[in-house]
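S.K.: Residue numbers (this note's numbering), protein chains in the order written: chain A, 1 to 637; chain B, 638 to 946. Beta carbons: idealized from backbone N, C-alpha and C, even for Gly. None of these values were measured; they are calculated from a predicted model. Take this structure, written in structure tokens, and hold onto it; I'll ask about it next.
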């Protein structure tokens, strides 16, 4: 408890809350006393409360600095500015080992685990929100929610909180695995790495606080002019929290690219990197280059709401026009928003697809079929992904002639994605497959990602999208892509590297139960979502009419959602109890050729006892006498 | 090699069977589209059907080899050896990169042509002006003395062009049985003030018709407009009824002889009980004879009035 109360996490949170309260009070008081300004009472609805919106925005921004200064993640940089030369601190600093995970630590494995824990925590919160509104949707009519505003807050928060969780999960995989797989001792910029993680914590706090500070009803897309005019002022917390999460993304993306370029082991050419690293690099390039545009879009909405700059309102009063205020255009936001937010989806799924490609050879005992094609298809998906953004706007007021190029580029995504699928199939064909839990999750991921992939082209052609746009078909489609491309591979990775991370083995039976509840549950949920969408169920609605004849489907979707929730609790129970048991896991339980299994478990502070050397191809299963990497024995051993 | 030929022939036959089965399930039951009540729906449904075939085929060519490998090639008991060392085949890789490109081109061409047919204008189309606002719709009929109504009333078989405009935030016009959807932005369409200060802009440029949707209703009946873009608290209840009437009934409606049910969304007061409120008003409506108002509970029955007199 003593360690917990003095940890960086506690200090940061206390610092954030205190700076928020103090600065909010000061600004609020200043506005009241000095300028004589009084808050107009907003129209109350749902969880709306009469906050002073500009004061809230400014206080939220200040509270970020409160968090960062109090937790100490920037103190090394401040010392450097003051002319000192602080050393990187390694190890637990004389405290128990577990305190490293709630303190500032520069080790990439600690940061990876921190990301992972953060991800699972936020995932649970987002899942809880989903279960709340799924219960509401199980029957037609409004049951326990008071009005549409509460429902809108729930689904909006579910969306953005899950996105934060996914980014944290991607951070967990790239941070923990990236340096280990390329034989490095750490990331290129350890302090920046810690900063990327810790800036995500206050952003998650701000997002969660948005639910209680007014709530917001814009969805995670926050289209103006709704987001610029809504009375639910929690939208500001959503915009700021989203924005801060972007900082984390850009920094960790840069870090990963530089690490993969400069820190590879001796003999590891680009086409000898483990395939996951290719995927992580492709995702990181997207993160580091496109996140800025969504930052611009969010800043513009905050500026329009708070400072009155008109970017998005097309029709304004003649007096304002005469005063020189230009008319805005709401579609501008959609363009810059999706220019990032479409590639963002690939940031989530590319590392997951990399995990699938990484684990398949191990469990089929066969080389990865077409290594170079898979590696380049990741880059291909990333590049094509930057050219398809306006397919989210195929029913918008964009001129018809502009929609057609985006339809064609969208269909083109099928080509590099198809390369991955066919290469996986060729890897599996004639493979002597084994089915421990990680392999089951890999196969589940392929099957679910297939659902997502197959439901894509029908949304890409404009005529069919005119029927399906903004329906539950889209909801089913992207849940399938994200579960297949991120959630299932993430779980596969957790099970697969659990013995590496903790040195203990998870419980195989519980793992299999988790799988056999979650995958069928997900299939039911996703397929039925698509079905009700085809029948006319719109997205983002608190209630649907019984005239659509979809009550049974909705009840089943809710049951499937609950099943998925329970199965994740089973996984957590499994992981927690397994990590605490005495018995040690075998050194290389999967008979993998991957270099991390040459090092002891759990991995030492600098991963390998001596720098490894790559002498062969990574996936030469079935080739007599082939070796991928060797560890020179440390001298004097 | 003959062993491989056996595997491939089994998988090939299974792919054909699974493709047919999945297509059958999707098109007749699982993804069966709602009734096609507009001429455009027929064009769009044909493309849907093409996609269902594609989905069924791609599903089969992935799932069949996957399941076959799991069943046939899986690790046998006691076999700890690795599988054969097959790591690439350039011809195969090029084939499965290039062949999908042809599919992409095919569906691209089909997609463009079907979209062009869906948005094509008809010479005899009727223009109706649509206003979307939080959280209801209003329809103006410029060709009929600008009468307005909270319901969209259409004549069977007559193509319509909806010129839409929002007064506040983005909404989207969607009638599932007509298949067509169009976002409604808060542009000032009526004053053609879309130039955003650009003097070179010409409102006559036909390709820039951002707020227009066209369709031809072909089946008499009652439909529902559903707002498909999140627009705030009562987004879920932003509905309007659509009545597609026969030509004679349409004329009666213009003359005020054909009654429509009152709009349940008026004032947003009744939607707290959910969107099924819309169904209650329709119980007293018949597409052939119109709406029968409920008896006035406060009216004094004629017989009693006679006694009192």
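#1: DSSP beta-bridge partners for residue 675 of chain B?
#2: Got a sec, what are the start and stop residues for the alpha helix (DSSP H) residue 76 of chain A sits in?
#3: If the cut is a Cβ gap below 7 Å, which residues of chain B does residue 464 of chain A touch?
#4: Name the two residues that bound the continuous alpha helix (DSSP H) containing residue 915 of chain B.
#5: List the residues of chain B that residue 593 of chain A touches, going by C-beta distances under 7 Å, in chain order.
#6: Please list, in chain order, the residues of the segment 691-709 of chain B that have any C-beta partner in chain A closer than 8 Å.
#7: With DSSP collapsed to three states, give me the class of residue 895 of chain B.
#8: Would you list, in chain order, the members of the segment 424-444 of chain A that have their beta-carbon closer than 8 Å to a beta-carbon of chain B?
#9: At a CB distance below 8 Å, what residues from the segment 709-737 of chain B approach chain A? Give them in sequence order.
#10: Is DSSP giving residue 582 of chain A helix, strand or coil here?
#11: Are the C-beta of residue 777 of chain B and some C-beta of chain A separated by less than 8 Å?
#12: To which residues of the same chain is residue 283 of chain A closer than 6 Å at the C-beta, ignoring the five residues directly before and after it?
#13: In whole angstroms, what separates the C-alpha of residue 435 of chain A from that of residue 120 of chain A?
#14: Pop quiz: residue 857 of chain B and residue 796 of chain B are said to be a contact at Cβ under 8 Å. What is the actual Cβ separation, rounded to whole angstroms?
#15: Where do the ends of the beta strand (DSSP E) carrying residue 785 of chain B lie?
#16: Would the C-beta of residue 779 of chain B count as close to the ligand SAM, meaning under 7 Å from any of its heavy atoms?
#17: With residue 866 of chain B as the anchor, note down where its beta strand (DSSP E) starts and where it stops.
#18: Going along the chain, which residues of its own chain have a beta-carbon closer than 6 Å to the beta-carbon of residue 248 of chain A, five neighbours each way excluded?
#19: For the segment 321-336 of chain A against the segment 441-461 of chain A, do three or more pairs of beta-carbon atoms, one drawn from each stretch, fall closer than 8 Å, so that the two count as touching?
#20: Taking C-beta pairs closer than 8 Å, name the residues in chain B that residue 320 of chain A reaches, listed in chain order.
#21: I want to know whether the segment 102-112 of chain A touches the segment 48-65 of chain A - three or more CB-CB distances under 8 Å.
#22: Could you tell me whether the segment 357-367 of chain A touches the segment 717-725 of chain B, using the rule of 3 or more Cβ pairs below 8 Å?
#23: Please name the residue or residues paired with residue 471 of chain A in a DSSP beta bridge.
#24: Does DSSP put residue 230 of chain A in a helix, a strand or coil?
#25: At least one CB of chain B closer than 8 Å to the CB of residue 542 of chain A: is that the case?
#26: With distances taken from CA atoms, which of A:394, A:81, A:72 is nearest residue 89 of chain A?
#27: I want to verify the contact list: residues of chain B whose CB lies under 8 Å from the CB of residue 126 of chain A, in sequence order.
#28: Can you list, in chain order, the residues of its chain whose CB lies under 7 Å from that of residue 792 of chain B, leaving out five sequence neighbours each side?
#29: Taking residue 798 of chain B as part of the beta strand (DSSP E), name the residues at either end of that continuous run.
#30: From what residue to what residue does the alpha helix (DSSP H) around residue 776 of chain B run?
#31: Which class does residue 849 of chain B belong to by DSSP, given the choice of helix, strand or coil?
#32: Between residue 410 of chain A and residue 388 of chain A, what straight-line distance do the alpha-carbon atoms span, to the nearest angstrom?
#33: In the DSSP assignment, the alpha helix (DSSP H) including residue 770 of chain B goes from what residue to what residue?
#34: Within 8 Å (strictly less), CB to CB, does residue 420 of chain A reach chain B?
#35: Could you give the first and the last residue of the continuous beta strand (DSSP E) run that contains residue 811 of chain B?
#36: How big is the Cα-Cα spacing for residue 129 of chain A and residue 158 of chain A?
M.R.: Per the coordinate set shown:
#1: For the purposes of this step, residue 675 of chain B is taken as residue 38 along the second chain, with counting starting at 1. Residue 675 of chain B pairs with B:854.
#2: Residue mapping note: residue 76 of chain A aligns to position 76 of the first chain, counting from 1. Residue 76 of chain A -> alpha helix (DSSP H) spans 75-81.
#3: As a working mapping, residue 464 of chain A is identified with position 464 in the first chain. 681, 684, 685, 688, listed in chain order.
#4: Stepping through the second chain from its first residue, residue 915 of chain B is reached at position 278. Run containing residue 915 of chain B: 914-919, per the alpha helix (DSSP H) assignment.
#5: Numbered from 1 along the first chain, position 593 holds the residue referred to as residue 593 of chain A. Within chain B, no residue comes near residue 593 of chain A; the closest Cβ sits about 10 Å away, beyond 7 Å.
#6: 691, 692, 695, 696, 699, 700, 702, 703, 706, 707
#7: By 1-based counting over the second chain, the position of residue 895 of chain B is 258. Coil, per DSSP.
#8: 425, 426, 428, 429, 430, 431, 432, 433, 434, 435, 443
#9: 710, 711, 712, 713, 716, 718, 719, 720, 721, 722, 723, 724, 725, 726, 729, 730, 733, 734, 737
#10: Counted from its first residue, the first chain places residue 582 of chain A at position 582. Residue state, collapsed to three classes: coil.
#11: Translated into positions along the second chain, residue 777 of chain B becomes position 140. Chain A contact via Cβ: absent.
#12: In the first chain, residue 283 of chain A corresponds to position 283, counting from 1. Around residue 283 of chain A: 347, 350, 351.
#13: The residue you call residue 435 of chain A lines up with position 435 of the first chain. The residue you call residue 120 of chain A lines up with position 120 of the first chain. Those two C-alpha atoms are separated by around 25 Å.
#14: Locating residue 857 of chain B in the second chain gives position 220, where the first residue counts as 1. Locating residue 796 of chain B in the second chain gives position 159, where the first residue counts as 1. Actually they do not touch by this definition, with Cβ atoms about 16 Å apart.
#15: Translated into positions along the second chain, residue 785 of chain B becomes position 148. Where residue 785 of chain B is concerned, the enclosing beta strand (DSSP E) stretches over 784-786.
#16: You won't find the ligand SAM in this model; it holds no ligand whatsoever.
#17: Along the second chain, one-based indexing puts residue 866 of chain B at 229. It is not in any beta strand (DSSP E) - residue 866 of chain B carries neither H nor E in the DSSP assignment.
#18: Your numbering for residue 248 of chain A matches position 248 in the first chain. The beta carbon of residue 248 of chain A sits closer than 6 Å to the beta carbons of 196, 199, 200 from its chain, once the five residues preceding and following it are set aside; these are given in chain order.
#19: no
#20: Here residue 320 of chain A refers to the residue found at position 320 of the first chain. What residue 320 of chain A touches in chain B: nothing, since even the nearest Cβ is about 13 Å away.
#21: no
#22: Yes, the segment 357-367 of chain A touches the segment 717-725 of chain B.
#23: Within the first chain, numbered from 1, the residue matching residue 471 of chain A stands at position 471. In DSSP, residue 471 of chain A forms a bridge with A:538.
#24: Position 230 of the first chain, counted from the first residue, corresponds to residue 230 of chain A. Reduced to three states, the DSSP call for residue 230 of chain A is coil.
#25: Your numbering for residue 542 of chain A matches position 542 in the first chain. With 8 Å as the cut-off, residue 542 of chain A counts as an interface residue toward chain B.
#26: Within the first chain, the letter at position 89 stands for residue 89 of chain A. With distances taken between Cα atoms, residue 89 of chain A lies closest to A:72.
#27: Indexing the first chain from 1 puts residue 126 of chain A at position 126. Residue 126 of chain A does not reach chain B, its nearest Cβ partner there being about 18 Å away, counting only Cβ pairs nearer than 8 Å.
#28: Taking the second chain and counting its residues from 1, the one referred to as residue 792 of chain B is at position 155. Excluding positions up to five away in sequence, the list reads 882, 884, 887.
#29: Within the second chain, the letter at position 161 stands for residue 798 of chain B. In the DSSP assignment, residue 798 of chain B falls within the beta strand (DSSP E) that extends over 797-803.
#30: Residue numbering aside, residue 776 of chain B sits at position 139 when the second chain is read from its first letter. Residue 776 of chain B -> not in any alpha helix (DSSP H); beta strand (DSSP E) instead, spanning 773-778.
#31: Working through the second chain from its first residue, we reach residue 849 of chain B at position 212. The answer is strand: DSSP assigns residue 849 of chain B an E or B state.
#32: Your numbering for residue 410 of chain A matches position 410 in the first chain. Your numbering for residue 388 of chain A matches position 388 in the first chain. Distance between the alpha carbons of residue 410 of chain A and residue 388 of chain A: 5 Å.
#33: Taking the second chain and counting its residues from 1, one reaches residue 770 of chain B at position 133. Note, residue 770 of chain B: premise wrong, no alpha helix (DSSP H); beta strand (DSSP E) at 763-770.
#34: Mapped onto the first chain, residue 420 of chain A falls at position 420. No, because no Cβ of chain B sits closer than 8 Å to the Cβ of residue 420 of chain A.
#35: Mapped onto the second chain, residue 811 of chain B falls at position 174. Note, residue 811 of chain B: beta strand (DSSP E), 808-811.
#36: Here residue 129 of chain A corresponds to residue number 129 of the first chain, with the count starting at 1. Here residue 158 of chain A corresponds to residue number 158 of the first chain, with the count starting at 1. CA-CA distance, residue 129 of chain A to residue 158 of chain A, rounds to 6 Å.
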